[in-house]
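Enquirer: Going down the list, the protein sequences come from chains A and S.
Those letters in the first sequence? Residues 1 to 291, per the numbering used here, in order.
Those letters in the second sequence? Residues 292 to 598, per the numbering used here, in order.
For reference, the structure I am asking about is given below.
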Amino acid sequence: MSSLASLRVAKAPYLLTLPALLLFAGVVIAPLVMTVLLSFHDWGQYKGIEPVFVLKNWHEVFTDSYFLEMFWRTFRVAFFVTLLTALFGAPEAYILNRMKSPWRGLFLLVVLGPLLLSVVARTLGWALLFGGNSGLVNKALMSMGLASAPVPFMFTETGVIVALAHVLMPYMVLAVWAALQRLDPQVENAAVALGAGPFTVLRRIVLPQVMPGILSGAIIVFALAASAFATPAIIGGRRLKVASTLAYDEFLNTLNWPLGAAVAVLLLVALVAIVVGSSRLVERRYAQVFG
Amino acid sequence: MTFLALEGLGKRFGSHVAVDGLTLGVEKGEFVSLLGPSGCGKTTTLQMIAGFVEPSAGAIRLEGRDLLAVKPAKRGLGIVFQSYALFPHMTVAENVAFGLEMQGVAADERRRRVGETLELVGLAAFSGRFPRQLSGGQQQRVALARALVIRPRILLLDEPLSNLDAKLREEMQIELRQIQRTLGTTTILVTHDQAEAMALSDRLVVMNQGRAEQVGPPHVVYERPATPFVASFLGRTNLVAGETVRPEKIVFAATGLAGKVRTRIFQGNHWLYQVETASGLLTVIRQNSGEAMPGEGEQVHLAWGKA
């Protein structure tokens, strides 16, 4: 009796997680496995998809310089987006954190507001701002003397990077904000009392302590930027493809599902490797110091 | 000339008066404690000396010069914070070296002085550790070393021992006192712990509601409290017919105020009694000398000399 009861208790957690587990397996694992299988199938213009096992798609993805260029661009864009969000997001979070009560809430809403809007709507907004030589952004740049001729934003990497950086900024701000919340304000006072000026306090005391926050924000932003679809699709269009828009085109325009699947799987594997690798690195670097 | 002078120092936060016209002179090498309950203005006073809070009234002079005109970073004071406020991303040695680095002390000299100071606080073996790898007491010592290494004109201690357990606190009190005596650094301690204040200081400043109620050497303040607040805040007191009597001054005698022992508590080195008398419930403390003492329910007579 008692052993039966304890057995039931031991099983309880598994039983309780079962529904979620089934759902996860059904909507995440199964499609993923099917996509991986699909990437090994054959495809022809007239015969369609053939459920056989070939390495053709993978061979194509790895040898054709066209795909190399797409992936290289994807990660280059993601890298610069991450850099931009860190450069703007970290100071933004710091300033927000130092604001007084009513303003802080207001500006936090302004920063996080974009999350409440559809990515498509936001990106279309950027398309309007960028649009043509007489776009608002170009007019502003030229009137401020920052550019002598209109800068091409639409269908360029610059445009995609700027729009993505804006779309993903809240994630960086939130990550840095969380790190700032953990700081002991007295630590800054301690540095001041020891003779440190404001800039030294920022560089030597605050920045190193929020570095884990910036790095974890960077990992999130990088992953989201590399797999983003809507923004590169609208700003980059057909002319400037990245891995996700490439996979989309293979699926829906060329109808070469197996090749599209190979691109998608490769993007996923590369991203998982980068994210897991870098968070391991970050954890190891800071385990001793912050725990 | 007074080394550090607080002259009519005041601070208001909106309508709340945190510090109300505090005047105090501290001599060079002196150890002064600001003692009082939370909200009495002692921490605000310390922060005004440190420069983190701007006074609304009064002046602070260090060796005759206006300290308020000097930026916090240039005041050259050593501060030990209640939370220690160590730099978590720096090793013990880097923490201690930071102030010297800011002063532009050369690397060789820096290393030597950091080594000396860590030796002084007994942490020479821990210089490569990070703060979170240390115990509370060790972190406290690092904070002390970091404040002392810059040879501060004044050492400010903000409830430095309140996060330590009782035994460690006592050890650190003795150590702190020894270090302060050795270096002769003028020290101001802020604390709500009367035992700590009495153990460490040359003079106490008992504060209440932003004012100094009494200033003087610990034994004088204890024996001759100037106000009822000081009497009740420092140690236990009995109020008998308008007169305050310390519990340890009362003895059991053959004649005197008659009473009945209500409770008796053994506390190792002394007995703590509560005795019901005509003047109310009195607290009596008797040293444990190993002799038999009156038990609960016994009739006793209490006597005491004039304080």
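For each residue, glycine too, the CB sits at the ideal point set by N, CA and C.
Owing to the predicted nature of the structure, the values given are computational and were not obtained by experimental measurement.
1) Determine, using beta carbons only, whether Ala196 (chain A) comes closer than 9 Å to chain S.
2) Can a CB atom of chain S be found closer than 9 Å to the CB of Val192 (chain A)?
3) Should Leu455 (chain S) and Gly369 (chain S) be called a contact, given that it needs their Cβ atoms to be closer than 9 Å?
4) Go through its chain and collect everything with a Cβ distance to Gln373 (chain S)'s Cβ below 8 Å, but skip five positions before and after it.
5) Return the residue from the list A:Pro91, A:Pro232, A:Ile95 and A:Arg284 that minimises the CA-CA distance to Ile214 (chain A).
6) Relative to the C-alpha of Pro509 (chain S), which residue among S:Gly501, S:Phe524, S:Gln500 and S:Gln590 is closest?
7) Please state if the CB of Leu168 (chain A) and the CB of Ala228 (chain A) are separated by a distance shorter than 9 Å.
8) I'd like to know whether the C-beta of Gln45 (chain A) is nearer than 9 Å to at least one C-beta of chain S.
9) Under 9 Å, Cβ to Cβ, is there at least one residue of chain A near Gln608 (chain S)?
10) Once you ignore the five residues that flank Ser278 (chain A) on each side, which residues in its own chain have a CB closer than 6 Å to its CB?
11) Among residues of its own chain, excluding the 5 on either side of Glu50 (chain A), which ones have a beta-carbon nearer than 8 Å to its beta-carbon?
12) Does any CB atom of chain S fall closer than 9 Å to the CB of Arg238 (chain A)?
13) Run through the DSSP bridge pairs and tell me what Tyr564 (chain S) is partnered with.
14) At a cut of 8 Å, does the stretch 168-177 of chain A reach the stretch 81-96 of chain A through at least three beta carbon pairs?
15) Take Val54 (chain A) as the anchor and find which of A:Leu259, A:Phe153 and A:Arg203 has the nearest alpha-carbon.
16) If we define contact as Cβ-Cβ less than 9 Å, is Pro379 (chain S) a contact residue for chain A?
17) Pop quiz: Thr293 (chain S) and Val317 (chain S) are said to be a contact at Cβ under 8 Å. What is the actual Cβ separation, rounded to whole angstroms?
18) Mind reading off the beta-carbon distance from Leu425 (chain S) to Gly349 (chain S)? Whole number of angstroms is fine, and I expect it under 8 Å.
19) Taking only the alpha-carbon atoms, compute the straight-line gap between Leu224 (chain A) and Asn138 (chain A) and give it to the nearest angstrom.
20) Can you name the residues of chain S whose CB is closer than 8 Å to the CB of Ile161 (chain A)?
21) At a Cβ threshold of 9 Å, is Asp42 (chain A) touching chain S?
22) Out of curiosity, what's the CA-to-CA distance linking Ser492 (chain S) and Ala376 (chain S)?
23) Can you tell me the Cα-Cα spacing of Ile296 (chain A) and Val210 (chain A), whole angstroms?
24) Counting only C-beta atoms, is Ile214 (chain A) closer than 9 Å to chain S at any point?
25) Can you tell me whether His380 (chain S) is buried or exposed, with buried defined as 16 or more other CB within 10 angstroms of its CB?
26) Could you confirm whether any beta carbon from chain A is found closer than 9 Å to the beta carbon of Lys302 (chain S)?
27) For Pro208 (chain A), decide whether its Cβ has a neighbour in chain S, counting only Cβ atoms nearer than 9 Å.
28) Starting from Ser324 (chain S), trace the beta strand (DSSP E) both ways and give me its first and last residue.
29) Which residues does DSSP pair with Asp357 (chain S) in a beta bridge?
30) Please state whether DSSP places Leu136 (chain A) in a helix, a strand or coil.
31) Check whether chain A comes within 9 Å of Ala416 (chain S), counting only Cβ atoms and requiring the distance to be less than that.
Expert: Quick answer:
1) Taking the first residue of the first sequence as position 1, residue 196 (chain A) is located at position 196. Cβ-Cβ to chain S under 9 Å: yes for Ala196 (chain A).
2) Locating residue 192 (chain A) in the first sequence gives position 192, where the first residue counts as 1. Closer than 9 Å to the CB of Val192 (chain A) there is at least one CB belonging to chain S.
3) Within the second sequence, residue 455 (chain S) is the residue found at index 164, counting from 1. Within the second sequence, residue 369 (chain S) is the residue found at index 78, counting from 1. With contacts defined as CB atoms closer than 9 Å, Leu455 (chain S) and Gly369 (chain S) fail to qualify as a contacting pair.
4) The sequence position of residue 373 (chain S) within the second sequence is 82, counting from 1. Closer than 8 Å at Cβ, skipping near neighbours: Asp449, Glu450, Pro451, Ser453 and Asn454.
5) Residue numbering aside, residue 214 (chain A) sits at position 214 when the first sequence is read from its first letter. Looking at A:Pro91, A:Pro232, A:Ile95 and A:Arg284, the one whose alpha-carbon comes closest to that of Ile214 (chain A) is A:Pro91.
6) Here residue 509 (chain S) refers to the residue found at position 218 of the second sequence. The option with the nearest alpha carbon to Pro509 (chain S) is S:Phe524.
7) Here the question's residue 228 (chain A) lines up with position 228 in the first sequence. Here the question's residue 168 (chain A) lines up with position 168 in the first sequence. Cβ distance < 9 Å, so Ala228 (chain A) and Leu168 (chain A) count as in contact.
8) Locating residue 45 (chain A) in the first sequence gives position 45, where the first residue counts as 1. Cβ-Cβ to chain S under 9 Å: no for Gln45 (chain A).
9) Shown here, chain S extends from 292 to 598; a query on residue 608 (chain S) therefore has no answer.
10) Working through the first sequence from its first residue, we reach residue 278 (chain A) at position 278. The beta carbon of Ser278 (chain A) is closer than 6 Å to those of Ile219 in its chain, skipping five residues each way along the sequence.
11) Walking along the first sequence from the start, residue 50 (chain A) turns up at place 50. Hits under 8 Å: His41, Asp42, Trp43 and Gly44.
12) Position 238 of the first sequence, counted from the first residue, corresponds to residue 238 (chain A). Not closer than 9 Å to any Cβ of chain S, the Cβ of Arg238 (chain A) fails to qualify, so no.
13) Counting from one through the second sequence, the residue named residue 564 (chain S) turns up at place 273. Paired residues: S:Arg555 and S:Val575.
14) As far as the Cβ criterion goes, the stretch 168-177 of chain A touches the stretch 81-96 of chain A, which means the pair count is three or higher.
15) One-based indexing of the first sequence puts residue 54 (chain A) at position 54. Here the closest residue by C-alpha is A:Leu259.
16) Taking the second sequence and counting its residues from 1, one reaches residue 379 (chain S) at position 88. For Pro379 (chain S), the answer is yes, since a Cβ of chain A falls inside 9 Å of its Cβ.
17) Counted from its first residue, the second sequence places residue 293 (chain S) at position 2. Counted from its first residue, the second sequence places residue 317 (chain S) at position 26. Taking C-beta atoms under 8 Å as the contact rule, Thr293 (chain S) and Val317 (chain S) qualify, at a distance of about 7 Å.
18) Along the second sequence, read from residue 1 onward, the residue named residue 425 (chain S) stands at position 134. Along the second sequence, read from residue 1 onward, the residue named residue 349 (chain S) stands at position 58. Leu425 (chain S) to Gly349 (chain S), Cβ: 39 Å. No contact.
19) Your numbering for residue 224 (chain A) matches position 224 in the first sequence. Your numbering for residue 138 (chain A) matches position 138 in the first sequence. Distance between the alpha carbons of Leu224 (chain A) and Asn138 (chain A): 27 Å.
20) Counting from 1 along the first sequence, the entry for residue 161 (chain A) is found at position 161. Under the 8 Å cutoff, chain S gives no residues; its nearest Cβ is about 31 Å from Ile161 (chain A).
21) As a working note, residue 42 (chain A) is residue 42 in the first sequence. No, Asp42 (chain A) does not count as interfacial toward chain S.
22) The sequence position of residue 492 (chain S) within the second sequence is 201, counting from 1. The sequence position of residue 376 (chain S) within the second sequence is 85, counting from 1. Approximately 24 Å, taken between the alpha carbons.
23) Because chain A is modelled from 1 through 291, residue 296 (chain A) falls outside the range shown and cannot be assessed.
24) Taking the first residue of the first sequence as position 1, residue 214 (chain A) is located at position 214. Nearest CB-CB separation between Ile214 (chain A) and chain S: not below the 9 Å threshold.
25) As a first step, residue 380 (chain S) must be located in the second sequence, where it is residue number 89. Here His380 (chain S) is buried. Its C-beta has 16 or more other C-beta atoms within 10 Å.
26) The count along the second sequence starts at 1 and reaches residue 302 (chain S) at position 11. No, no contact with chain A.
27) By one-based count along the first sequence, residue 208 (chain A) stands at place 208. At a cut-off of 9 Å between C-beta atoms, Pro208 (chain A) counts as an interface residue with respect to chain S.
28) Reading the second sequence from its first residue, position 33 is the one you call residue 324 (chain S). Phe322 to Leu326 is the span of the beta strand (DSSP E), which, as asked, contains Ser324 (chain S).
29) For the purposes of this step, residue 357 (chain S) is taken as the residue at position 66 of the second sequence. Note: Asp357 (chain S) sits in a beta bridge opposite S:Arg352.
30) Here residue 136 (chain A) refers to the residue found at position 136 of the first sequence. Looking at Leu136 (chain A) - three-state DSSP - the assignment turns out to be helix.
31) Taking the second sequence and counting its residues from 1, the one referred to as residue 416 (chain S) is at position 125. No, its Cβ sits nowhere closer than 9 Å to a Cβ of chain A.
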